[in-house]
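Okay, so the sequence shown: first residue is 54 according to the numbering used here, each after it adds one.
In this text, a Cβ means the ideal position worked out from N, Cα and C, and glycines have one as well.
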Amino acid sequence: MQTVLLWGNKWWLENTAAPVSFTSLADAVGALASALPPGREKRLRLVYQPDDLVSAPTHCPNGTRNLLAITLGPEHPALVRPGYAWSHEPIRRDGEGFETILHYETTPALFDLVADLEGHGFVVESAWPLGTFLHALPLEWPASGAVSVAAVERERVCALRQETDGKRSLHHWHGDNAVDEFGRWLGGIVEQNPGDSVLLVSGKRNAANIRKLLDRKEGREDAAFECIPLPDALVRAVVLPRKHPAQLLPPARLANPQVMAMAASVALLAGAAGFAVPWLGAQVAAHPSGPAQAARIATLETEVARLNTEAEQVIRARERAPDSGPPVGFLLHQLSTLPSQIALGSLRVSADGFTLTGHVAPDTSPRILEQWQKQSGSTGNAWRWPDGAVSAEQIGSGGAFTLHGVFQTGQPAGRSSGPAS
Numbered sequence: 054m055q056t057v058l059l060w061g062n063k064w065w066l067e068n069t070a071a072p073v074s075f076t077s078l079a080d081a082v083g084a085l086a087s088a089l090p091p092g093r094e095k096r097l098r099l100v101y102q103p104d105d106l107v108s109a110p111t112h113c114p115n116g117t118r119n120l121l122a123i124t125l126g127p128e129h130p131a132l133v134r135p136g137y138a139w140s141h142e143p144i145r146r147d148g149e150g151f152e153t154i155l156h157y158e159t160t161p162a163l164f165d166l167v168a169d170l171e172g173h174g175f176v177v178e179s180a181w182p183l184g185t186f187l188h189a190l191p192l193e194w195p196a197s198g199a200v201s202v203a204a205v206e207r208e209r210v211c212a213l214r215q216e217t218d219g220k221r222s223l224h225h226w227h228g229d230n231a232v233d234e235f236g237r238w239l240g241g242i243v244e245q246n247p248g249d250s251v252l253l254v255s256g257k258r259n260a261a262n263i264r265k266l267l268d269r270k271e272g273r274e275d276a277a278f279e280c281i282p283l284p285d286a287l288v289r290a291v292v293l294p295r296k297h298p299a300q301l302l303p304p305a306r307l308a309n310p311q312v313m314a315m316a317a318s319v320a321l322l323a324g325a326a327g328f329a330v331p332w333l334g335a336q337v338a339a340h341p342s343g344p345a346q347a348a349r350i351a352t353l354e355t356e357v358a359r360l361n362t363e364a365e366q367v368i369r370a371r372e373r374a375p376d377s378g379p380p381v382g383f384l385l386h387q388l389s390t391l392p393s394q395i396a397l398g399s400l401r402v403s404a405d406g407f408t409l410t411g412h413v414a415p416d417t418s419p420r421i422l423e424q425w426q427k428q429s430g431s432t433g434n435a436w437r438w439p440d441g442a443v444s445a446e447q448i449g450s451g452g453a454f455t456l457h458g459v460f461q462t463g464q465p466a467g468r469s470s471g472p473a474s
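Right, dumping it as structure tokens:
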């Protein structure tokens, strides 16, 4: 297997000094196929960093990919849009909560690129953001755990910084001043942390310029400062486990559209249960504790177990009818538009419709639910609300509500019930 890097509008290849340029992603596969000699290894580990791949730090729940999609989808819609590739760095504790770095496309392209590569005889084993690859690149880590690793070319820089406590940050610079801006940033890091390690993946000219920005004499032996050419970095024995959460491609067994639609349904069921936990925790914190609160927590635990059972039932039902099913992808997208004042409690999906329960946040007008219900029900006419829009009188104490939706017999034109990434 060989590692190739797609960065901006260029391919970088193992043991090949000059990159291979292309004008658009539509031309990228042809450019790669022409650059590789016949008989070259066809199995690829793809490092994927187009200019519109976003890396966003965020606070998050400590849960599965499905839970992240449910909870972070409203702020980062690519997590719940079909056809968009996304992943995340390992979740770590941050004070009393948790945090991660999300990676996602703002324009869907990776899945089409992989399909085109396979059409040319390549086999893409995995796909990774450049920042994830950089984190795995150092052969040895300093005892402090603090390190800065950066890939530098003329108009693009990607830099990963890890602090002594394990906290990571990822930075990108683009344009004519990218190298200078990165040099100033790195200079500040080195000034504050003079004993930290720096690994540059770059050409000799860029490395020399950066050394000058750091007020270091070129040629000085400095064990904390290492520079290797980018093609040599691709040859290194970088270990990236298949189950690492930053993997941008779904497992091969989930590539089938029907199975991906099934997975989206299960994600909603399992994620809905998890989404209720933070909301309930906030309610418990806001009110005096006592037997009533303990009973509510016990009820929620029972609900989570029941939802897990129903998720398994959904899987079995879908397996019996692999070519039929509700417009799951569209439903997932519409649920991602729920206002932040509405907490999703549970979701039950059947062949004919769905039942949605949740809570409206205190001090929020109940009309916010009615407005969302009318908007989602009219968009594409994928389903209807047989009971009409919920009224303020129908919302129970504490803001609890239950909605019933019935799928229309025909899906809206142009909508997809395929996979949600």
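Put simply, the segment 120-137 does not touch the segment 206-225. Fewer than three CB pairs are less than 8 Å apart. Excluding the 5 residues flanking it on each side, L456 has same chain C-beta neighbours closer than 6 Å at L409, in chain order. The alpha carbon of W181 has as its nearest neighbour, out of Q424, V292, G241, the alpha carbon of V292. Excluding five sequence positions before and after L283, the CB atoms of its chain that fall closer than 6 Å to its own CB belong to W65, V254, given in chain order.
Residue environment: Q245 is assigned as exposed (fewer than 16 neighbouring CB atoms within 10 Å of its CB, all protein chains considered). Across the set L422, Q461, I448, the C-alpha of Q461 shows the shortest separation from the C-alpha of W436. Pairing R96 with L121, the inter-Cα distance amounts to about 31 Å. Of the other Cβ atoms in all chains shown, 16 or more fall within 10 Å of the Cβ of P135; this residue is therefore buried. Two segments are said to touch when three or more pairs of C-beta atoms, one from each, lie closer than 8 Å; by this definition the segment 153-160 does not touch the segment 187-200. Beta-bridge analysis with DSSP links G411 to L397, F454.
By alpha-carbon distance to S393, the top candidate from D147, L422, E142 is L422. Sequence-distant partners of A70 (beyond 5 residues in either direction) whose C-beta falls short of 8 Å from its own C-beta, in its chain, are P282, P284. Within the same chain, V73 come within 6 Å of A88 by CB-CB distance, once the 5 residues on both sides are set aside.
Within the same chain, and ignoring the five residues on either side of A414 in sequence, the residues whose Cβ sits closer than 6 Å to its Cβ are Q394.
Under the DSSP assignment, P284 falls in the alpha helix (DSSP H) whose first and last residues are 283-288. Contact holds between the segment 142-150 and the segment 215-232, because three or more Cβ pairs, one in each stretch, are under 8 Å apart. In this structure, the CA atom of G236 is about 12 Å from the CA atom of V251. The C-beta distance from S389 to P127 rounds to 6 Å, short enough to meet the 8 Å contact threshold. Secondary structure of H156 (DSSP, three-state): strand.
For D80, the uninterrupted alpha helix (DSSP H) segment begins and ends at 78-88. With a contact defined as Cβ atoms closer than 8 Å, D104 and H227 qualify at about 6 Å. Look at T124 here: in three-state DSSP terms it is helix.
By the neighbour-count criterion, in which a residue is buried when 16 or more other Cβ atoms sit within 10 angstroms of its Cβ, P439 is exposed.
In the DSSP annotation of this structure, the continuous segment of the beta strand (DSSP E) that includes T111 starts and ends at 106-113.
The continuous stretches of alpha helix (DSSP H) do not include T69, and DSSP gives it neither H nor E. Looking at the backbone, the Cα of P303 and that of W139 are separated by about 10 Å. A84 sits away from A204, with the two beta carbons spaced by 9 Å or more. Distance from the Cα of E149 is smallest, within the candidate group G174, D165, H112, L170, for H112. A straight-line Cα-Cα distance of about 53 Å links N68 and S429. Of the residues assessed, P91 falls on the exposed side of the cut-off, its CB having fewer than 16 other CB atoms within 10 angstroms.
DSSP places T390 outside any beta strand (DSSP E), giving it a letter other than H or E. In the assembly as shown, Q300 is a buried residue. Its beta-carbon has 16 or more other beta-carbons within 10 Å.
In the DSSP assignment, V177 falls within the beta strand (DSSP E) that extends over 176-181. In chain order, V459, F460 place their CB closer than 7 Å to the CB of D405, counting only its own chain and leaving out the 5 sequence neighbours on each side. Taken through DSSP and simplified to helix, strand or coil, Q245 comes out as helix. Distance from the CA atom of D249 to the CA atom of P191, rounded to whole angstroms, is 13 Å.
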